[in-house]
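Everything on this sheet refers to the single structure shown next.
2 protein chains.
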Amino acid sequence: MNTTAKNEQNTIFSQGDKANPDYFTGNAWLNLLVNESEFNSVIGNVTFEAGARNNWHTHPGGQILIVTDGTGYYQEKDKPIQLIQRGDVVKIPADVKHWHGASVDSPLTHIAITASTPKGAVDWLERVTDEEYNSYKE
Amino acid sequence: MNTTAKNEQNTIFSQGDKANPDYFTGNAWLNLLVNESEFNSVIGNVTFEAGARNNWHTHPGGQILIVTDGTGYYQEKDKPIQLIQRGDVVKIPADVKHWHGASVDSPLTHIAITASTPKGAVDWLERVTDEEYNSYKE
């Protein structure tokens with residue numbers, strides 16, 4: 012399986028830096044596009060290798076994900092995993108506990124638009140276990 | 012010149028609806044992705060045919076453009092036109108008078124992230140004249 016070639020095919024941005032391993036399981040990269048306070052949001056391009064995902068987390072001001080390539084997973088607490096793919100827009104309300112990442116066999120690239128608030132932009136929680144990650148049902 | 016084929020090659024979103032001709036010169040389309048008040052921003056995918064552009068305008072809370080395909084122009088009042096292309100991120104501060112659109116010979120697709128404020132998201136002004144549009148110098 013040549014996931015690298017697949018991922019590069021439609022890449023708009025360079026991968027950027029390795030994502031913080033405290034908050035990500037597997038290999039993921041972050042290209043920070045906007046972080047100026049005057050725009051009241053943090054915008055980044057995030058690339059996940061197949062199998063990679065971030066920890067459970069919440070956003071005090073919510074978050075929008077725009078999937079630009081690949082196939083991945085999005086899960087809110089106490090709900091089943093949803094499949095997400097190129098062209099999907101995920102609207103995550105404030106304070107909803109969730110995680111996102113690549114699917115088992117495909118990388119995922121998304122733009123993440125996160126509101127900056129007086130309480131910050133994100134609160135990181137515990138890792139997504141393999142059991143949780145592998146619970147996707149078609 | 013087959014601009015349609017070029018434009019469709021890397022399209023992430025469908026074109027959506029024809030943009031309001033009161034505020035656009037030439038053919039442009041808007042696919043509104045996010046417009047819920049809880050996210051405090053309006054996010055749309057905008058596609059411009061070669062030669063098309065929007066009117067001069069300002070944003071009370073600023074705007075971010077993420078260019079996902081093609082080549083176009085961005086101009087702030089009293090400055091020269093800047094060439095923008097796939098992978099560019101344009102950061103437009105609040106109240107800066109500007110316009111954007113496709114270049115003379117290529118379509119342009121960008122995601123526009125516009126802050127919603129108590130004063131609204133956009134104030135439309137006069138059309139960009141052909142003389143202004145054709146003032147780009149390499």
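Chains as they are written, first to last, in this note's numbering: chain A, 12 to 149; chain B, 12 to 149. No residue lacks a Cβ here, since even glycine has one placed at the ideal position from N, Cα and C.
Judged by DSSP in its simplified three-state form, F50/A adopts helix. Under the three-state reduction of DSSP output, D80/A falls in the strand class. The region 45-55 of chain A makes no contact with the region 92-100 of chain A, as fewer than three CB pairs between them are under 8 Å.
Annotated three-state conformation of E143/A is helix, per DSSP. Counting along the chain, K102/B sits inside the beta strand (DSSP E) bounded by residues 100-103. A straight line joining the alpha-carbon of G98/B with that of Q26/A spans about 12 Å. Residues of chain A with a Cβ closer than 7 Å to the Cβ of N51/B are, in chain order, A126.
At a cut-off of 8 Å, the C-beta of V45/A has a neighbouring C-beta in chain B. With respect to A126/A, G55/A sits apart: the two C-beta atoms are not nearer than 8 Å. Shown here, H68/B sits in a strand according to DSSP, grouped into three states.
Around the CB of N65/A, 16 or more other CB atoms lie within 10 Å, so the residue is classed as buried. Any Cβ of chain A closer than 8 Å to the Cβ of F24/B would place that residue at the interface, and such an atom is present. Going by DSSP, T125/A is part of the beta strand (DSSP E) stretching over 119-126. For P104/B, the chain A residues whose Cβ falls inside 7 Å of its Cβ are E49, in order along the chain.
Separation of Y84/A and S114/A (C-alpha to C-alpha, rounded to the nearest whole angstrom) is 6 Å. Judged by beta-carbon spacing, G112/A lies beyond the 8 Å limit of P71/A, meaning their Cβ atoms are not closer than that value.
Under the Cβ criterion of 8 Å, G73/A is counted among the residues facing chain B. Comparing alpha carbon positions, the residue from D33/A, K102/A, F50/A closest to A63/A is D33/A. Taken through DSSP and simplified to helix, strand or coil, A113/B comes out as strand.
The DSSP-derived three-state label of I75/A is strand.
H121/A and T82/A do not touch by the CB rule: their CB atoms are close to 11 Å apart, not below 8 Å.
For T79/B, the residues of chain A that pass the 8 Å Cβ criterion are I23, T79, in the order they occur in the chain. Sorting N51/A, V57/A, L136/A by C-alpha distance to the C-alpha of K29/A places V57/A at the top. Between V100/A and I75/A, the C-beta spacing is below 8 Å. Residue-level contact check: R138/A does not touch chain B, since none of the beta carbons of chain B fall below 8 Å from its beta carbon. Think of a sphere of 8 Å around the beta carbon of R64/B: no beta carbon from chain A falls inside it, the nearest being about 22 Å out. The Cβ-Cβ distance between H109/B and K88/B falls below 8 Å.
Q86/A sits buried, since 16 or more C-beta atoms from the chains shown fall within 10 Å of its C-beta. Chain A places no beta carbon closer than 8 Å to that of G27/B, leaving this residue out of the contacts.
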